[in-house]
Structures are given as C-alpha cells and as structure tokens.
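Residues -22 to -1, 1 to 202 (mature numbering (1 follows the signal peptide of the UniProt record, and there is no 0)) make up the sequence shown, in order. By construction, the Cβ of each residue, glycine as well, lies at the ideal position given by its N, Cα and C atoms. Please read the structure below before turning to the comments.
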Amino acid sequence: MRSLFLVSAICVAVLSGSPLLAAPVTFMESGGNELSSNHLVPTNLGTLEIGNNTVQGTVTQVGQDFMGTWVDFQGADIFSFEVAAGTRINEIFLRSFTSSSNLIFMAIDDQNTFQYSSTQINTTVTSANLTANMSTWGTIGEPDDVDDALSDPDSGTNLFDLLIGSENSLDAGNYTVYLQETGPSSSYTLNFRVSAVPEPSTSLALLPLGYAVYRFRRKRSSKK
C-alpha cells in the first residue's frame, strides 16, 4: 500500500506541473476583419497553441499602375505570431486553395515584422536575398499541394517539403508570414501544426515514477 501511495503521489506531482492547453488560434478574414498588408505592422495572431492553428484569407496581385510603376495595392496578407518555448511548428498544410490557376508566393521571416515591402518583393528583392534572409520561401498552390482530405490528418503535402530553405520545422521564436498572389486573386486556408518539444527535465522527472511502478508490481507478484 505504501508503494501504491507513492505512485499516486508522484503521479499527482508530475501532472500538476502540466498547464492546461489553450485552444489553437483560428483567424478567418471576413467583412472588416482583414489581415494587414503592411510589412511593418503585420496582423499579430499572438501565440500559436499546440494543435492545428488555422489562418484563412484572400490575396490579390501586387502590380503596376497605369504608368507602369510598381505599387502596393494592399493585396498581400502579412501576419505574425509567436511559437512559445517548449513548442515548435512541425508541419504547415495548405488546407484549401481557390484560384484561377495562379500560385501564391509565401515567405516566412524570423522576426515580428517582415523586412521587405510588397513593392520591394516585386522589384528589387532577389531569390538570393530571400534564401539568405528568410526562414523559408517559395510558391504554393499546385493541385498536389492542397490537403483536401480533412478527415485524414496525415494526408496532403507538408509545405516544409516544398519551400526553399526549410529546415522542416520552426522552433520557438517570433515569425512573420508574407503571402501574395501571383495572378488576379486566390483564397487559401493554412494549417500550422504545433507540437510540444519534450524537455530533458520532464523525462528525468518520470524516472522515479517508472521505478515506483516497477517496485509496486514486483511486490505484488512476489505475494502471489
């Protein structure tokens, strides 16, 4: 009985140190609730939580005016978020994509603003600049990119496998996402999957629990 009490006490101690999980972030553009197009003042989504965090929006083309000058028509979607300590983004999925066969340009900067304006992206920024300064970047929207089987969490293409410079995850820190249509207009739904990163201290804390369970079971077996 003393061993059983010890096991119970350790279980309570370990579990009491685990915070309740908050609901994942969901942002959907509608009416006046639009994502920012200002690279210096992106829409702040706050901290992404463990689970599937969803962003849904529409982007239009950034292009030239009637004089042939490249201008920002406020067609880009730019938003920032934080990945909390002890978590990371393991996967990004394009859940839905509606377009007249055009692609979306996507880049992720590892800070809470985006270092290039829409005009710069379309005029002076090179692929070498993007590779050197972005966490990851590229175009998305091919039919095979879209994860349209929502009932199967393992279906679809992880965008980390498609984008340039990707290290297959985004660790704790601040990030800003830039999305821009390469043609007239596109609607999208992105899914950012966040998971916990096991800490060594957590694993070590479970060792006494495992040993206590082992001792308790061994004593019960010897009494049979």
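Quick test of your reading: G151 and V61, contact by CB under 8 Å. State the CB separation rounded to the nearest angstrom.
For a cut-off of 8 Å, the C-beta gap from G151 to V61 is around 6 Å, short enough to register as a contact.
At what residues does the alpha helix (DSSP H) containing T109 begin and finish?
Per DSSP, T109 is one residue of the alpha helix (DSSP H) stretching across 105 to 111.
What's the call for M84, buried or exposed, on a 16-neighbour Cβ count within 10 Å?
It is buried - the Cβ of M84 has at least 16 other Cβ atoms within 10 Å.
Grab the span of the alpha helix (DSSP H) containing Q158 for me, first residue to last.
Annotation for Q158: no alpha helix (DSSP H) segment contains it, though the beta strand (DSSP E) segment containing it runs 151 to 159.
Excluding the five sequence neighbours on either side, which residues of its own chain have a C-beta within less than 6 Å of the C-beta of L81, listed in chain order?
Correct list, in chain order: T117, G119, T160.
For A54, is the classification buried or exposed, using 16 other Cβ atoms within 10 angstroms of its Cβ as the cut-off for buried?
Buried is the call here.
Terminal residues of the continuous beta strand (DSSP E) containing I99?
It is not in any beta strand (DSSP E) - I99 instead sits in the alpha helix (DSSP H) that spans 96 to 101.
For E7 and L13, I'd like the C-alpha separation in whole angstroms.
For E7 and L13, the distance between alpha carbons rounds to 7 Å.
Going along the chain, which residues of its own chain have a beta-carbon closer than 6 Å to the beta-carbon of residue 207, five neighbours each way excluded?
Residue 207 cannot be examined here, being either before or after the span of the chain that is shown, -22 to 202.
For a test of the three-state rule: what should DSSP assign to residue 222, helix, strand or coil?
In the structure as shown, the chain begins at -22 and stops at 202. Residue 222 is therefore absent and cannot be evaluated.
Minimum C-alpha distance to N16 - residue among V155, L108, E177, S163
Answer by Cα proximity: V155.
On the three-state DSSP scale, how would you describe D123?
The three-state reading of DSSP puts D123 in helix, counting H, G and I together.
Which residues bound the beta strand (DSSP E) around D87?
Looking at the DSSP string, the run of the beta strand (DSSP E) that includes D87 is 82 to 87.
Can you give me the C-alpha to C-alpha distance between Y94 and G143, rounded to a whole angstrom?
C-alpha separation (whole angstroms): 18 Å.
Suppose you measure from the CA of L157 to the CA of I56; what does that come to, to the nearest Å?
When rounded, the separation of the alpha-carbon atoms in L157 and I56 is 6 Å.
Cβ of I142 less than 8 Å from any chain D Cβ?
Looking for chain D here will not work: only one protein chain is present.
In the DSSP assignment, what are the bridge partners of V19?
In DSSP, V19 forms no bridge with anything.
G64 bridges to which residues according to DSSP?
Bridge partners of G64: none, in fact.
Name the one or two DSSP bridge partners that G29 has.
In DSSP, G29 forms a bridge with V172.
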